[in-house]
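Letter by letter, the sequence shown follows residues 19 to 528 of my numbering.
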Amino acid sequence: MSNEAEQTAQRRAKLQALIDMGVAPYPRRFDRDADVTSLVETYGGTPGDVLEAERPRARVAGRILSIRAFGKANFLVLSDGRSRIQVYVRADAMPERDFAIYRQLDFGDHVGVEGRLFRTKTNELTVWAERLVFLAKCLLPLPEKWHGLTDVETRYRQRYLDLVVNPDSRRVFETRARVVAAIRRFLNERGFLEVETPMMQPMAGGALARPFVTHHNALDLDLYLRIAPELYLKRLTVGGFERVYEINRSFRNEGISTQHNPEFTMLEFYEAYVDYEHLMAMTEQLLVEVAREATGGLDARFGDATIAFAAPYPRLSLRHAAAEAATARLAGTSDWTGGAVTAEHLRDRDAAARVARALGLEVASSHGPGRLALELFEALCEDQLVQPTFVYDFPTEVSPLSKQKPDDPDTVERFELYAGRFEIANGFSELNDPAEQRRRFEEQLRERAAGDPEAHGMDEDYIRALEYGLPPTGGEGIGIDRLVMLLTDSPSIRDVILFPLLKPRASDVV
């Protein structure tokens, strides 16, 4: 029998012993008057002589993180997941049955205790237990507290176990909750209305991505899990909601990496009568407030860097940044004789293709100069953008929902915000010309016919909505998972998603 199996058998035997004593194995409730954290916060700084004089009492419950015995003196450490408190147990200080329950306890069990607070000779805040109530048996052995749970895959598959033994994991998700709350507060205070839009959609739109497909039996209709809420939120702007947002779950049937999970959380917001310049300034204000709420300041450690969220953030033109990076990379290449690469080169398909091939990038026949410029930027520049940086003025070819610049039809008023070497936000002045939107969708259909599975489809109802009149509007999406990664020094998106998607193990398949 393995050690784990032996421990499990012993724990089950103790549970049976409790049942034989008449103890309810799974009681319905325990009426506590404080949790562990509130006791520690209230009395953590109270001297022992004051506690002895006032003799405050408490009914508290938690999970046992350690059990120690020193002759007649026995100690438990209880945790509510955030804080810990010691419990002093003596046979002569409680009913005989309660002490008999204590003898059947294991590391990981849940118990409730009642007694007075005091400090031990080592000045430890402690509950002198006068009553002890069994609440739940931990039948499977937890990792030893001094080893923790270090196997990354087990942490993701059994998040409940990770949260029990790794306090840092709990702090990540508490920070995540503060981030979301701060975002809501920021937008609500500025008159934005929070809404909910469909997660199952008859057409996957609002982004260039591969969707998940499902089927509605009663309607005999194929539906798509949303890849973005964008087109529905802009319909609401057409309907008169001038400031609207959604904190939404979106789904993309694509690869998994440290920055990508098929199910993820985004903030999307839209404001009428503003453009992408307004959004960039607003994004700086938002991130300053969120960073301060999450970390207490404006600097966050991420890997080997310190991310400074204080505004303003630098701005880079996409084509210029890609051209400069390509020039620097090709400068020492013997087979490149084209001289300095300029932003204008990246507007010409043949010139952009030559640069891409010289740098070892694949050039698909369906890729125009705009797509090539974007791929050059992603290959050469993304991993250099550690501090928050706006990259702006994207090619029209890769931005089917963005408004073109008045003097440059090949460029749209779009930006992405990078930090920590990856994108965390994408925003633009919204395309509100229905004829131009139809032309862009038709272009996307040609790319789809040429083999691009991420190309956007034709959405006739959205065009119809535009024909009723979308005012000048700015819209933006912010990846909440990635933002939390930056603010909690988490190297993988799986560290900030409570239950990330994983391939089932053979032992999990029945």
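Just so it is clear, CB atoms sit at the ideal spot from N, CA and C, and this is done for glycine as well.
Treat the numbers as computed from the prediction; the structure is a model and nothing was measured.
Output the distance between the C-alpha atoms of residue i and residue j, rounded to the nearest integer angstrom.
i    : j    : result
E460 : F446 : 21 Å
W164 : G388 : Annotation note: pLDDT 41 at W164 (below 50); position unreliable, coordinate value reported separately. The alpha-carbon atoms of W164 and G388 are separated by roughly 54 Å.
E454 : F191 : 43 Å
I85  : A42  : 22 Å
L379 : G386 : 14 Å
Y486 : Q219 : 21 Å
D451 : G223 : 17 Å
F204 : A391 : 35 Å
D124 : G63  : 30 Å
G356 : L449 : 36 Å
V528 : V182 : In this prediction, V528 has a pLDDT of 48, which is less than 50 and means its spatial position is unreliable; what the coordinates show is noted afterwards. When rounded, the distance between both Cα atoms is 27 Å.
Y263 : A329 : 23 Å
Q28  : Y174 : 28 Å
V95  : A76  : 15 Å
H234 : Y242 : 10 Å
L484 : R456 : 10 Å
G130 : P113 : 14 Å
A340 : F412 : 11 Å
N266 : R523 : 29 Å
At which residues does the alpha helix (DSSP H) containing residue i begin and terminate?
i    : result
I201 : 185 to 207
E342 : 336 to 348
M298 : 294 to 313
S56  : 54 to 61
D317 : Counting along the chain, D317 falls outside any alpha helix (DSSP H), though it belongs to the beta strand (DSSP E) covering 317 to 320.
T172 : 170 to 175
I498 : 498 to 506
E24  : 21 to 38
D479 : 478 to 485
Hey, residue i and residue j: beta-carbon distance below 7 Å or not?
i    : j    : result
L135 : P74  : yes
E302 : A200 : no
R319 : D67  : no
Y410 : F433 : yes
D116 : L150 : yes
V381 : R375 : yes
L364 : A358 : no
R228 : N271 : yes
S384 : E472 : no
A23  : Q122 : no
A246 : S268 : yes
T429 : K421 : no
E142 : Q104 : yes
T414 : Y436 : no
D240 : V231 : yes
G133 : A147 : yes
A344 : L394 : yes
With residue i and residue j assumed to form a contact (beta carbons below 8 Å), what rounded beta-carbon distance in angstroms separates them?
i    : j    : result
L297 : G492 : 5 Å
A109 : H128 : That pair is no contact at about 22 Å.
A299 : Q405 : 17 Å between Cβ atoms; not a contact.
Y288 : L249 : Between L249 and Y288 the Cβ distance is about 11 Å, and since that is not below 8 Å, they are no contact.
L157 : R46  : Actually they do not touch by this definition, with Cβ atoms about 19 Å apart.
I498 : T283 : 4 Å
R202 : E212 : 7 Å
S97  : G80  : 5 Å
F88  : V107 : Their Cβ separation, rounded to whole angstroms, is 11 Å, which puts F88 and V107 out of contact at 8 Å.
From the DSSP secondary-structure annotation, give me the bridge partner or partners of residue i.
i    : result
G80  : V129
L94  : I85, V105
T429 : P413
K423 : D426
N444 : E434, G495
R228 : DSSP lists no partner for R228.
A290 : T491
Could you spell out the range, first to last residue, of the beta strand (DSSP E) harbouring residue i?
i    : result
I325 : 323 to 326
A147 : 143 to 154
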